[in-house]
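To start, the structure under review is shown below, and the notes come after it.
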Amino acid sequence: MADDTRNILDEVTGKEYKYGFVTEIDTEFAPPGLNEDIIRFISEKKEEPEFMLEFRLNAYRRWLGMKSPEWAHLNIPPIDFQSIIYYAAPKAKKELQSLDEVDPELLKTFEKLGISLEEQKHLAGVAVDAVMDSVSVKTTFSDTLAKHGIIFCSFSEAVKNHPELVKQYMGSVVASGDNYFAALNSAVFSDGSFVYIPKGVRCPIELSTYFRINAKNTGQFERTLIIADEGAYVSYMEGCTAPQRDENQLHAAIVEIIALKDAEVKYSTVQNWYPGNKDGEGGIYNFVTKRGICKGNNSKISWTQVETGSAITWKYPSCILQGDNSVGEFYSVAVTNNHQQADTGTKMIHIGKNTRSTIISKGISAGLSNNSYRGLVKVTKRAEGSRNFSQCDSLLLGDKCGAHTFPYIQTENKSSIVEHEATTSKISDDQLFYCQQRGIDAESAIGLIVNGYAREVLSKLPMEFAVEAQKLLSISLEGSVG
Amino acid sequence: MLLQIKNLHAQINGKEILRGVNLEVKAGEVHAIMGPNGTGKSTLASVIAGREVFEVTAGEVLYNGKNLLEMPVEQRAREGIFLGFQYPVEIPGVSITNFMRTALNEVRKYHGQEPLSGAAFLARMEEKKKLVEIQSKLTNRSVNEGFSGGEKKKNEIFQMAMLEPQLAILDETDSGLDIDALRIVANGVNALRSKDNAIIVITHYQRLLDYIVPDIVHVLFDGKIVKTGGKELALELEGKGYDWIRKELETR
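Line by line, the protein sequences give chains A and B.
No gaps in the numbering here: position 370 of the first sequence is 370 in my numbering, and each next residue is one more.
Count along the second sequence from 1, add 482, and you get the number used in my numbering.
As structure tokens, then:
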């Protein structure tokens, strides 16, 4: 690459994180450290029924016997689990009945992030569940949704008001001992979102959860559970940011999706946790287990993710295609810059007959970052006539970053077709010059080219998210490459 | 004077390509620069546009009296210099519409103008598409991706029409065009001729100059302009070939 391009890339890859502010808010903490007492404390704080405490303690005991996974292409510094605070909640004086009772500082925080919690002001009908640190702050539009029989509430409320659904489905896709971070989450998770769409109901608005880490030294462990009953449809979006801090913070979440017969769930994420500074100090460790099961015939689960944040990302949103003719999709754009590391991809497990899966992964690496795609396509003996198509593209900006692809394909079935395509490319000097010659400066040109490169995935995002994601892609690469 | 080039020397990887080019272009003029392969025609175009792989070792280039060589590439473009590429590059996933809107608004911003509204922009696109007989669908496609040679060149002239440059340099716009496409491209260029702008057409062949009739013809040979004349010079070259120039230079 020519020197001038390198300089441009240097400039382009050095921008600031926009959401790094801290809200001064009265917060209640648990003492740092992890033991059975802390878990009892969390469960008690949340006034949980006995089965929840048991679930947590079981998970904790399993976790004690497990080890942090080492197979990913990541350099994970040792994490001191005893120095982390596992419960932090903005202090609320009493049960909230309306928005007027929400702390104005909290409202301001979400306004600053571009998330309006005031329903009447809300654009184009997106229902939001806002989660700050350990608790859900406010869920909008719950009443409107209730008319359709849709349950959209914080996980804590679901435990209280719909324990039978929680009991039936929690841990049914991601078992409490599934992996190290899933076990940790199952032990200490504090809140999250819960969605139930009844039979035959098409959710009329987009549902969305916005996660915000605010407090210092705190881990965020939320859980999302989405159940689409027979013939139901829902589109769900998740966004997240965190303040700029020198130390690393841990985020270990679980998302479980259950799609019954003929149901469809579309799950979109724009992940923008604080990525650390230019020298790789600070940033979120993002260790997330996301999995959906197409339980019934003709069901469909679609994951779309735009990953730009976090110091380390370890995340593989997956689909278990159990029902016949069920469909799993994974569309991903992962951007890494400076010292960020990402090991992300998906698993498509074909069990039912004539199941289909599509994987489109676009990795963009800049700076000194490392970006890996890791994916498993498994076709079992029973899954006759199944098909998979995978396409993994990597785009390199600069010559100090890394892009890696680790595809695993296992098929036990001769009637199935599995295709895998992969490319690696760079932004060429010719492309930059062409844009510049039309009056577009190098930085905007890189934004334009990167967005074009990711278009196939961005086009899968709901409208409300697509614009934000496009801007985010450009910003993430500002001052990024060298 | 729109463009003034004085004793321009430029090299790439230590190899000198331009060896003292002198050229003056006034608003309202169409110049043709001809010459055999490898004499520096495309290099001259690239140096004017600001491609940094070429190092200017001597001479100066003034554009509207300003020192062009000090400006970054995008500033030259915003000042009104347009380069029609010989080999337009593909930009996957970026639609022509989006690309042009970004470019046009950058240029407008530079001149202190508001961005064009969506409706005004689309109206302008429709008008300019007709100029080069571009099908509607084409502008929804990614920039140059999967375009035929003819489509690529039409797209270059379409962009020129959209940006309304003061100085357009068309680098071998005729290469790879069949006779119909050549006519369309030339008609487009002719429609954009005005007393306020200038066009430099770089070509090997007389053929293009039947359609775009130049005011002044230059022959670039071995990194220098060795002969300048009226449009009849192009015909003379067509008849006698470039060997004629070579011999003339040797006997000089």
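By construction, the Cβ of each residue, glycine as well, lies at the ideal position given by its N, Cα and C atoms.
Keep in mind that this is a model prediction, so the values were computed, not measured.
Buried versus exposed, by CB contacts within 10 Å (16 or more), residue i
i          : result
Ser-310(A) : buried
Ile-417(A) : exposed
Asp-653(B) : buried
Lys-611(B) : buried
Asp-556(A) : A question about residue 556(A) goes unanswered here, because the residues of chain A that appear run from 1 up to 482.
Thr-539(B) : exposed
Ile-661(B) : exposed
Ser-386(A) : buried
Gln-641(B) : buried
Phe-330(A) : buried
Gln-595(B) : exposed
Pro-78(A)  : exposed
Trp-63(A)  : buried
Gln-436(A) : buried
Asp-279(A) : exposed
Lys-706(B) : buried
Closer than 8 Å to chain A by CB, residue i
i          : result
Pro-597(B) : no
Arg-533(B) : yes
Ile-499(B) : no
Leu-485(B) : no
Leu-645(B) : yes
Arg-560(B) : yes
Contact with chain B by residue i, beta-carbon distance below 8 Å
i          : result
Phe-465(A) : no
Ala-124(A) : The pLDDT assigned to Ala-124(A) is 43, lower than 50, so where the model puts this residue is not dependable, and the model offers no usable value.
Leu-448(A) : yes
Tyr-453(A) : yes
Ser-444(A) : yes
Gln-470(A) : no
Tyr-434(A) : yes
Neighbouring residues, chain B, relative to residue i (Cβ below 7 Å)
i          : result
Ile-440(A) : Glu-556, Thr-584, Ala-585, Glu-588
Gln-431(A) : Val-571, Ile-573
Chain-ordered neighbours of residue i on chain C, where CB pairs are closer than 9 Å
i          : result
Phe-603(B) : In the displayed structure, chain C is absent; the protein chains listed are A and B.
7 Å Cβ cut-off: residues of chain A touching residue i
i          : result
Val-576(B) : Leu-448, Ile-449, Gly-452
Gln-641(B) : Arg-438
Ala-514(B) : Result: empty, since nearest Cβ-Cβ is about 21 Å, beyond 7 Å.
C-beta contact flag for residue i and residue j at 8 Å
i          : j          : result
Thr-308(A) : Thr-344(A) : no
Ser-156(A) : Pro-462(A) : no
Ser-302(A) : Ala-263(A) : no
Lys-677(B) : Gly-510(B) : yes
Lys-378(A) : Gln-410(A) : yes
Val-493(A) : Val-166(A) : Look at the range of chain A in this structure, 1 to 482, and you will see that residue 493(A) is not part of it.
Gly-532(B) : Met-553(B) : yes
Ile-284(A) : His-251(A) : yes
Ala-253(A) : Met-66(A)  : no
Gln-322(A) : Lys-353(A) : no
Ser-369(A) : Cys-319(A) : no
Glu-633(B) : Leu-620(B) : yes
Ser-390(A) : Glu-421(A) : yes
Asn-413(A) : Ala-383(A) : yes
Partner residues on chain A for residue i, Cβ-Cβ distance less than 9 Å
i          : result
Ser-624(B) : Gly-452, Arg-455
Nonlocal neighbours in the same chain, by C-beta distance under 8 Å from residue i, ignoring five residues either side
i          : result
Leu-691(B) : Ala-514, Val-683, Thr-685, Val-699, Lys-713, Ala-716
Ile-38(A)  : Ala-30, Pro-31, Tyr-86, Tyr-87, Val-188
Ser-624(B) : Glu-572, Ile-573, Pro-574, Gly-575, Val-576, Ser-577, Ile-578
Arg-560(B) : Glu-588, Val-589, Tyr-592, His-593
Pro-457(B) : Outside the shown range of chain B (483 to 734) lies residue 457(B), about which nothing can therefore be said.
Leu-803(B) : The first residue shown for chain B is 483 and the last is 734, placing residue 803(B) beyond what the model contains.
Cβ shell of residue i (< 6 Å), same chain only, five flanking positions each side left out
i          : result
Ser-365(A) : Thr-336, Asn-371, Leu-396, Cys-401, Ala-403
Leu-613(B) : Ala-643, Gly-670, Ala-673
Arg-202(A) : Tyr-233
Ile-349(A) : Ile-320, Lys-378
Glu-627(B) : Glu-572, Pro-574
Closer than 8 Å at the beta carbon, the chain A residues around residue i
i          : result
Leu-565(B) : Gln-437
Other residues of its chain near residue i: CB distance less than 7 Å, five sequence neighbours each side excluded
i          : result
Ile-666(B) : Val-614, Glu-615, Lys-636
Met-483(B) : Glu-506, Lys-508
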